[in-house]
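*Asks:* Pasting in a structure now, in structure tokens, and then I'll have a few things to ask.
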Amino acid sequence: MTGMTRRERIEVLVDAPLVPKLAALATEAGITGHTLWRVTGGTGSGGIWTEDLLSGATAKSLFLVIASAERADRFIAALEPLLDSHQLIVMRSSVEVVRPERF
Amino acid sequence: MTGMTRRERIEVLVDAPLVPKLAALATEAGITGHTLWRVTGGTGSGGIWTEDLLSGATAKSLFLVIASAERADRFIAALEPLLDSHQLIVMRSSVEVVRPERF
Amino acid sequence: MTGMTRRERIEVLVDAPLVPKLAALATEAGITGHTLWRVTGGTGSGGIWTEDLLSGATAKSLFLVIASAERADRFIAALEPLLDSHQLIVMRSSVEVVRPERF
Amino acid sequence: MFDQIAASLLSPPILFFALGALAALARSDLAVPETVAKGLSLYLMAAIGLKGGVEVSRIGIGGDLGIALLAGFVLSCAIPFAVAPVLRRFGRLDRINAGAIAAHYGSVSVVTFVTANQIYAGSGFAAAGFMVAVLAIMETPAILSGLLIARRGTGGKLFEPRLLHEVAFNGSVVLLLGSFAIGMLIGEQGYQPISPLFTAGFTGVLCLFLLDMGLIAVRRLMQTRALNLQLAVLGVIFPLANGAIGVAAGTLIGLDAASAAVLGVLAGSASYIAVPAAMRMSLPQADAGLYLAMSLGVTFPFNIIVGIPLFRWLAENLGGLT
Amino acid sequence: MFDQIAASLLSPPILFFALGALAALARSDLAVPETVAKGLSLYLMAAIGLKGGVEVSRIGIGGDLGIALLAGFVLSCAIPFAVAPVLRRFGRLDRINAGAIAAHYGSVSVVTFVTANQIYAGSGFAAAGFMVAVLAIMETPAILSGLLIARRGTGGKLFEPRLLHEVAFNGSVVLLLGSFAIGMLIGEQGYQPISPLFTAGFTGVLCLFLLDMGLIAVRRLMQTRALNLQLAVLGVIFPLANGAIGVAAGTLIGLDAASAAVLGVLAGSASYIAVPAAMRMSLPQADAGLYLAMSLGVTFPFNIIVGIPLFRWLAENLGGLT
Amino acid sequence: MFDQIAASLLSPPILFFALGALAALARSDLAVPETVAKGLSLYLMAAIGLKGGVEVSRIGIGGDLGIALLAGFVLSCAIPFAVAPVLRRFGRLDRINAGAIAAHYGSVSVVTFVTANQIYAGSGFAAAGFMVAVLAIMETPAILSGLLIARRGTGGKLFEPRLLHEVAFNGSVVLLLGSFAIGMLIGEQGYQPISPLFTAGFTGVLCLFLLDMGLIAVRRLMQTRALNLQLAVLGVIFPLANGAIGVAAGTLIGLDAASAAVLGVLAGSASYIAVPAAMRMSLPQADAGLYLAMSLGVTFPFNIIVGIPLFRWLAENLGGLT
Ligand SMILES: Nc1ncnc2c1ncn2[C@@H]1O[C@H](COP(=O)(O)O)[C@@H](O)[C@H]1O
Ligand SMILES: Nc1ncnc2c1ncn2[C@@H]1O[C@H](COP(=O)(O)O)[C@@H](O)[C@H]1O
Ligand SMILES: Nc1ncnc2c1ncn2[C@@H]1O[C@H](COP(=O)(O)O)[C@@H](O)[C@H]1O
Ligand code: NA
Ligand code: NA
Ligand code: NA
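Protein chains in written order, with our numbering: chain A, 208 to 310; chain B, 208 to 310; chain C, 208 to 310; chain D, 283 to 604; chain E, 283 to 604; chain F, 283 to 604.
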């Protein structure tokens, strides 16, 4: 691979109103950026849900962060207490990135 | 990594009208949840396509499932016969999750 | 895993007006398909941004490609000179796919 | 007839359709957001349903409605069986694709209906209000016929329960019949406060929607790889044949000329809202690029430009014979 | 009163609401795109704000405005404290869920207000224009009361600064008050050029929006797992009790009967736009499925169908007593 | 002139723009969905094109159109070359950013044009219908000038074929000229059935769109990091200078005062629809945050509030001199 470096990829499924809180936690963990996209529906223990723009309360987003292992650890540790109360789903995996100094 | 457990991540690119069938197969494989988001375009052997809300027939979604290896195997086995007829694209990789008992 | 083969998964975060250029580079690298979805916001060194459909200039998409390692290398090499000028974020990881001959 | 083609070609909705088509041909990036187009199509269905219902509340249903509904239902069920063998032989398609396409031609295009109504009524050739109910009744039975064609002899079960439900409670059927019922309930007086939106705004909204349809139809045609010349020719022959049958049927069962023409428009048109999604769900092996290219890329523009004035001409002349 | 229920049930907006509800019950796939619904709700808020402002510019504010605003503010603050103990005892909820739901009932439903206004004014029972300002003032104070209930005794800080900001500058509050101010500034003459959109089109847009609300309310009810019979009963009792209190308060402070009825509608209605998002943000532990099922799935339909004519009847009869 | 500023400040569209700006300043979460805003902008372009075309069909094109188109074309091509050196010296920008920004100022803002027309016509100062064609002609030539500035001396090829195509068939150019042509074809009589949507609804839709523009403009300004004081000052000087040149040019070529004022509005305005996407595509190295902050965050509000009445005043006084 042409000059790629390993970084951690963390994805969090989160209700839209809670995104600012997540972003703040990422920043506190030293992570400088994130990317969001809207998910349009799903099923889980809480039943089926679909988009909800009217109240915005149950609209969900995918919150993607690329970070070094150390920062990723810190971010995930900060998420731990919120997992149940905020009904978060957290995934972590490894990716190769270019320009690793950015993350 | 602070208490994370390995699970399988399966993503299926699927036409919107076929999502309920996919969800049923996932449930049959013992998977309790999934998450969807809309993809807005692409290219493949069938040419270029873009979103299509009017008829809804060729709108595509990404169907994401997190599951144990065993359930993932079962789900993918169930998808096999549909791959060609339903023009599915299936990706599988590993992720670390918290609260693994949920998946 | 029931008959799955390893392929590379490349995701590029890119401004919407630059997608055609990316698609052309992928085609030149021998990659036959891609899938796009819209991301709705984020933060980075350039500050916060949110969707922008009116001018379309700063709307961003995620550009997903599945390809063999060799083609993936070629595609990423072709992206290198554009990284800074086009403000791309490139991630690469491995996935297992069915019907590997397609990619 | 050529006068009528010319007049209809110069009406704003058709001109906007042509603008959209030309823009797509020139590969312009002009585009109407999908969700906005969806919103406009809901508006058009509610408006046309309401207007039909209000008119029926004014004039009364009359004995025609029953027979017209029956004719529409029979046409929607029967056309796929007439169309499928041609698709197999002349179009050289397998049973599954033939069945899927046949279902589209048995069903109807709401926008073609709306455009015909608008153009006819604009020149004093107004069809009966209850034709909206006929439109609704014709939307989904063809789906069952198409599946019967595709699956006969394969031994599997013919219809999933989910599909029968989809056929009966398809969104556009519900909205059309529901607004029709509301229109009948509220009558002309109750319609007053909502008529600025649903009547005064109607033709303008239709213009914007047809602009988008022009873009979509031509883009669909340019993106398709599966459409060959035979199938394109069938995309013109089917509306001509089915439309003529529809006009004849309407005339025979005693509808006024305008309603008979509209029945021709319905029979001649092909679905691109209710049927494609149902086919993708129930016949995923069929090529969606193909059936959308035929119904949306060929038949829809043909009907908008040629079919609408032609079926009027036919209805007026057939009506003269009886 | 039953006459009024019947008349209001036959008005187009309510009929479209019923159509949406029936379509959802029949599990039809009819759906209004989320972004279109959001656009329609912005339109309704701008229109209702403008109309209220224009009317105030015509008639003058009068001494009633101040006292009506105060009454609204007090009701919004106080209702959660009345409602929460009932939710805890009869509904068997914990403090957090009780606080979250209570906040919804203290706040108001814009669409219920709009529908009431439309139905009242359509039968010569028009409320004062300034009631829009009362609507706006009642939207968010209840959020603070709800949080106070949920957090009292937990020792943490009560309100994040971000929340206070959200309470003061919530999008719907800003749009309602802003358009109200614009309406007052431009007056009837300045309103002329925009009245075709905001007045003539209003009832029709309300129909389309209520179609969607019918779909959403019933789907919400069918998807919910958390709602039990006790809570469903409370979803009917709360609007009755709070609405009666609102009508009484309005009558006591000397509002005309229509404005008192509208104050009842406001007190009796429950928020499903401003409050749910604030609760999800500030009380993420509370069950969003629950508060949305109660406010959107039970109370909203109840008010649309029963509450609106009932509060009018109450206001007319209470008014007669004084 | 200050009377005119005051009058224009009190018109509903400007008040809604101010409401949006204030809401964004107060960090309210008020937002118009992107797709709805896109839909409204398509409506505005179709409506303004139609109205221009219908008016031309009524009055005839006259000798002015050719010369006005030529003037517009020349201004769009030339302004970037006048503006770029100032950006480089006073704004201390590199060639690429200077070229990208210059392209925006050579091109035009559709919404500024629409707002000016609405405000002028509302006070009996109506410009010629054909100015819509001038608007369309000015949208994209500046893109080529901007690229020439950015790339001259770099040795690479100047224009990709795809860009030339984009310049000629840009969506807004096609929609404006297409609707203009449709307006000319259908004339006043054919326009009748669609005038409720496109004329009666126009000012109201403009209000909602400007509400969103106020939100977007101020948010853009608050999010930007790249904008410094020099560039902000240039965002005010450019519209003043270019606008004055436009008014003068219009007066010199013999346009009536209102059309000359509108030519000033066009010359003084900066694009934020057609040009940014083209620059992002062809000059990805340029800072999109910068050119959007200047055109959308500074110049657009300045023109809406000060430019529109100012260019009118200038045109009236210059007209008096000749
Ligand atoms: N196994 C899973 N795979 C993917 N997404 C899931 C899974 N389980 C839950 N989700 C998502 O998480 C949301 C909340 O889950 P729950 O808290 O179980 O209702 C669901 O609505 C899904 O969108
Ligand atoms: N190599 C690829 N990488 C990512 N997405 C692909 C790839 N190939 C195909 N796709 C997606 O799958 C869809 C169907 O592919 P196809 O059946 O080849 O037309 C395409 O439209 C793309 O969205
Ligand atoms: N660490 C990160 N993780 C995820 N996305 C990021 C990250 N850094 C930047 N981005 C995305 O890339 C965009 C551009 O980044 P930048 O060039 O740093 O402004 C941001 O707006 C984010 O959407
Ligand atoms: Na048909
Ligand atoms: Na209340
Ligand atoms: Na300019």
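Note that beta-carbon positions come from the ideal geometry of N, C-alpha and C, so glycine has one too.
All of these numbers come straight from a predicted model, not from anything done at the bench.
List the endpoints of the continuous alpha helix (DSSP H) containing B/K330.
*Replies:* Residue 330 of chain B lies beyond the stretch modelled for chain B, which goes from 208 to 310, so this question has no answer here.
*Asks:* Between which residues of its own chain and E/L548 is the CB-CB distance below 7 Å, once the five residues before and five after are set aside?
*Replies:* On the fifth sequence, position 266 is the one that residue 548 of chain E refers to. Same-chain partners within the cutoff: G354, V390, F395, V416, L417, M420, G528.
*Asks:* Starting from the beta carbon of B/E258, find every residue of chain D whose beta carbon is closer than 8 Å, and list them in chain order.
*Replies:* Here residue 258 of chain B refers to the residue found at position 51 of the second sequence. Going along chain D in sequence order, the residues near B/E258 (Cβ under 8 Å) are E316.
*Asks:* Would F/P478 count as contacting chain E if we go by Cβ distances under 9 Å?
*Replies:* Residue numbering aside, residue 478 of chain F sits at position 196 when the sixth sequence is read from its first letter. So yes, F/P478 belongs to the interface.
*Asks:* Is there at least one Cβ from chain D nearer than 9 Å to E/P475's Cβ?
*Replies:* Translated into positions along the fifth sequence, residue 475 of chain E becomes position 193. No, because no Cβ of chain D sits closer than 9 Å to the Cβ of E/P475.
*Asks:* What three-state label does DSSP hand E/D346 in the structure shown?
*Replies:* Here residue 346 of chain E refers to the residue found at position 64 of the fifth sequence. Helix, per DSSP.
*Asks:* Suppose you measure from the CA of F/L490 to the CA of F/A319; what does that come to, to the nearest Å?
*Replies:* Against the sixth sequence, residue 490 of chain F aligns to sequence position 208. Against the sixth sequence, residue 319 of chain F aligns to sequence position 37. Here the alpha carbons of F/A319 and F/L490 stand approximately 9 Å from one another.
*Asks:* Can you list the residues of chain E that A/G253 reaches, using a CB-CB cut of under 8 Å?
*Replies:* For the purposes of this step, residue 253 of chain A is taken as the residue at position 46 of the first sequence. Under the 8 Å cutoff, chain E gives R507, G571.
*Asks:* Helix, strand or coil, according to DSSP, for C/M208 in the structure here?
*Replies:* Position 1 of the third sequence, counted from the first residue, corresponds to residue 208 of chain C. Confidence at C/M208 is low in this model, with a pLDDT of 45, below 50, so its placement is unreliable and no value can be given for it.
*Asks:* Should E/A385 be flagged as near chain A, meaning a C-beta pair shorter than 9 Å?
*Replies:* Sequence index remark: in the fifth sequence, residue 385 of chain E carries index 103 (1-based). No - not a single Cβ of chain A is within 9 Å of the one on E/A385.
*Asks:* To which residues does DSSP link A/D222 through a beta bridge?
*Replies:* Taking the first sequence and counting its residues from 1, one reaches residue 222 of chain A at position 15. According to DSSP, A/D222 bridges with A/K267.
*Asks:* Could you give the DSSP three-state label for A/H293: helix, strand or coil?
*Replies:* For this step, residue 293 of chain A is matched to residue 86 along the first sequence. Coil.
*Asks:* Following a CB-centred definition, is F/G532 positioned closer than 8 Å to any heavy atom of ligand 6?
*Replies:* Residue numbering aside, residue 532 of chain F sits at position 250 when the sixth sequence is read from its first letter. Checking every heavy atom of ligand 6 against the Cβ of F/G532, none is found closer than 8 Å.
*Asks:* What residue range does the alpha helix (DSSP H) around E/L307 cover?
*Replies:* Residue 307 of chain E sits at position 25 when you count from the first residue of the fifth sequence. Here the alpha helix (DSSP H) through E/L307 covers 294 to 307.
*Asks:* Figure out for me which residue from A/A236, A/L229, A/L269, A/A231 has the closest Cα to the Cα of A/L243.
*Replies:* Here residue 243 of chain A corresponds to residue number 36 of the first sequence, with the count starting at 1. That would be A/L269, whose Cα lies nearest to the Cα of A/L243.
*Asks:* So B/L243 contacts chain A; which residues on that side make the cut at Cβ distance below 7 Å?
*Replies:* Reading the second sequence from its first residue, position 36 is the one you call residue 243 of chain B. Result: V246, T247, G248, G249.
*Asks:* Does any residue of chain B bring its CB to less than 9 Å from the CB of D/P561?
*Replies:* Reading the fourth sequence from its first residue, position 279 is the one you call residue 561 of chain D. As written in the sequence, residue 561 of chain D is Met, which differs from the Pro given in the question. Yes - at least one Cβ of chain B is within 9 Å of the one on D/M561.
*Asks:* Should A/H241 be counted as a contact of ligand 3 given a C-beta to heavy atom distance under 8 Å?
*Replies:* For the purposes of this step, residue 241 of chain A is taken as the residue at position 34 of the first sequence. True, at least one ligand heavy atom lies under 8 Å from that Cβ.
*Asks:* Starting from the Cα of D/R377, find the closest Cα among D/L326, D/L565, D/F480 and give me that residue.
*Replies:* Within the fourth sequence, the letter at position 95 stands for residue 377 of chain D. Of D/L326, D/L565, D/F480, the residue nearest in Cα terms is D/L565.
*Asks:* Ignoring anything shorter than 4 residues, give me the alpha helix (DSSP H) runs that lie fully in the region 510 to 538 of chain F, in order along the chain.
*Replies:* 511 to 534
*Asks:* Under 9 Å between C-beta atoms, does F/S389 make it to chain D?
*Replies:* Counted from its first residue, the sixth sequence places residue 389 of chain F at position 107. It does not; no Cβ of chain D falls within 9 Å.
*Asks:* I'd like to check one pair, B/T239 with B/F310: are the Cβ atoms closer than 9 Å?
*Replies:* Working through the second sequence from its first residue, we reach residue 310 of chain B at position 103. Working through the second sequence from its first residue, we reach residue 239 of chain B at position 32. Yes, Cβ-Cβ distance for B/F310 and B/T239 is below 9 Å.
*Asks:* Should F/A482 and E/A482 be called a contact, given that it needs their Cβ atoms to be closer than 9 Å?
*Replies:* For this step, residue 482 of chain F is matched to residue 200 along the sixth sequence. For this step, residue 482 of chain E is matched to residue 200 along the fifth sequence. Yes, these two residues count as a Cβ contact at 9 Å.
*Asks:* Using the beta-carbon of each residue, which ones in chain A are nearer than 8 Å to C/R299?
*Replies:* Counting from 1 along the third sequence, the entry for residue 299 of chain C is found at position 92. Ordered by position in chain A, the residues that pass the 8 Å Cβ test against C/R299 are M208, M211, V302, E303, V304.
*Asks:* Comparing the CB of E/N379 with every heavy atom of ligand 5, is any distance shorter than 8 Å?
*Replies:* Along the fifth sequence, one-based indexing puts residue 379 of chain E at 97. False, no ligand heavy atom lies under 8 Å from that Cβ.
*Asks:* Reducing DSSP to helix, strand and coil, say where A/E303 ends up.
*Replies:* Here residue 303 of chain A refers to the residue found at position 96 when the first sequence is read from its first residue. A/E303 falls in the strand class under three-state DSSP.
*Asks:* Within 9 Å of any Cβ in chain F, is that where the Cβ of D/I485 sits?
*Replies:* The residue you call residue 485 of chain D lines up with position 203 of the fourth sequence. Residue identity differs from the one stated: residue 485 of chain D is Thr in this sequence, not Ile. Chain F, which has a Cβ nearer than 9 Å to the Cβ of D/T485, makes this yes.
*Asks:* Using a Cβ cut-off of 9 Å (strictly closer), state whether B/L286 contacts chain D.
*Replies:* Stepping through the second sequence from its first residue, residue 286 of chain B is reached at position 79. Output row for B/L286: interface = no.
*Asks:* Residues in the same chain with beta-carbon distance under 6 Å from E/S461, minus the five sequence neighbours each way, listed in chain order, please.
*Replies:* In the fifth sequence, the residue the question calls residue 461 of chain E occupies position 179. Result list for E/S461: A328, G331, L332, in chain order.
*Asks:* Check each residue of the region 485 to 501 of chain F: if its Cβ is closer than 9 Å to any Cβ of chain C, include it; give the result in chain order.
*Replies:* Within the region 485 to 501 of chain F, the qualifying residues are D494, M495, I498, R501.
*Asks:* Select from C/L271, C/R281, C/R299, C/L289 the residue whose C-alpha is nearest the C-alpha of B/L220.
*Replies:* Here residue 220 of chain B is taken as the residue at index 13 of the second sequence, counted from 1. Nearest option by C-alpha distance: C/L271.
*Asks:* What are the start and end residues of each continuous alpha helix (DSSP H) run of 4 or more residues lying completely inside the region 311 to 356 of chain F, in chain order?
*Replies:* Whole alpha helix (DSSP H) segments, 4+ residues: 316 to 341.
*Asks:* At what residues does the beta strand (DSSP E) containing C/G165 begin and finish?
*Replies:* Past the edges of chain C, shown from 208 to 310, lies residue 165 of chain C, and the structure says nothing about it.
*Asks:* Cβ of F/N585 within 9 Å of Cβ of F/S541?
*Replies:* Indexing the sixth sequence from 1 puts residue 585 of chain F at position 303. Indexing the sixth sequence from 1 puts residue 541 of chain F at position 259. For F/N585 and F/S541, no; Cβs fall outside 9 Å.
*Asks:* Figure out for me which residue from A/L295, A/L261, A/E277 has the closest Cα to the Cα of E/T317.
*Replies:* Within the fifth sequence, numbered from 1, the residue matching residue 317 of chain E stands at position 35. It is A/L261.
*Asks:* Smallest Cα separation from C/E258: which of F/A531, F/R502, F/Y325, F/G517?
*Replies:* The count along the third sequence starts at 1 and reaches residue 258 of chain C at position 51. Among F/A531, F/R502, F/Y325, F/G517, the Cα nearest to that of C/E258 belongs to F/R502.
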